[in-house]
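For what it's worth, the UniProt record's numbering labels the leading residue of the sequence shown as 1, then goes sequentially. We put the beta carbon where it would ideally sit given N, CA and C, even for glycine. Remember, it's a predicted structure, so these values are computed and weren't measured experimentally.
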Amino acid sequence: MTDLVKLPEEEKLYRGTPIALTNITDQKKEARQFIDYLRTEESHQIFQKWGWK
């Protein structure tokens, strides 16, 4: 069973979402495009929609 515990805003802890290219991929162009997309305002709004800051 899981319980949801609501914390006051000042006590919330947020985690990052690191991303990196690897040397073993054969899709570097596509990976770079995805990373570039993650830096856009559109992507930021999607993260915010789902509760990320």
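Next on the checklist: Could you compute how far the alpha carbon of M1 sits from the alpha carbon of K49?
Outcome noted: Residue mapping note: residue 1 aligns to position 1 of the sequence shown, counting from 1. Residue mapping note: residue 49 aligns to position 49 of the sequence shown, counting from 1. Cα to Cα, M1 sits roughly 26 angstroms from K49.
Checklist entry - Just to confirm, are L38 and A31 a CB contact at a threshold of 8 angstroms? => result In the sequence shown, counting from the first residue as 1, residue 38 sits at position 38. In the sequence shown, counting from the first residue as 1, residue 31 sits at position 31. No, Cβ-Cβ distance for L38 and A31 is not below 8 angstroms.
Item to check | Unbroken alpha helix (DSSP H) run spanning L38, endpoints | outcome: For the purposes of this step, residue 38 is taken as residue 38 along the sequence shown, with counting starting at 1. L38 -> alpha helix (DSSP H) spans K28 to L38.
Next on the checklist: Using C-beta distances below 8 angstroms, list every residue in its chain close to Y14, excluding the 5 sequence neighbours before and after it, in chain order.
Outcome noted: Residue numbering aside, residue 14 sits at position 14 when the sequence shown is read from its first letter. Result list for Y14: W52 and K53, in chain order.
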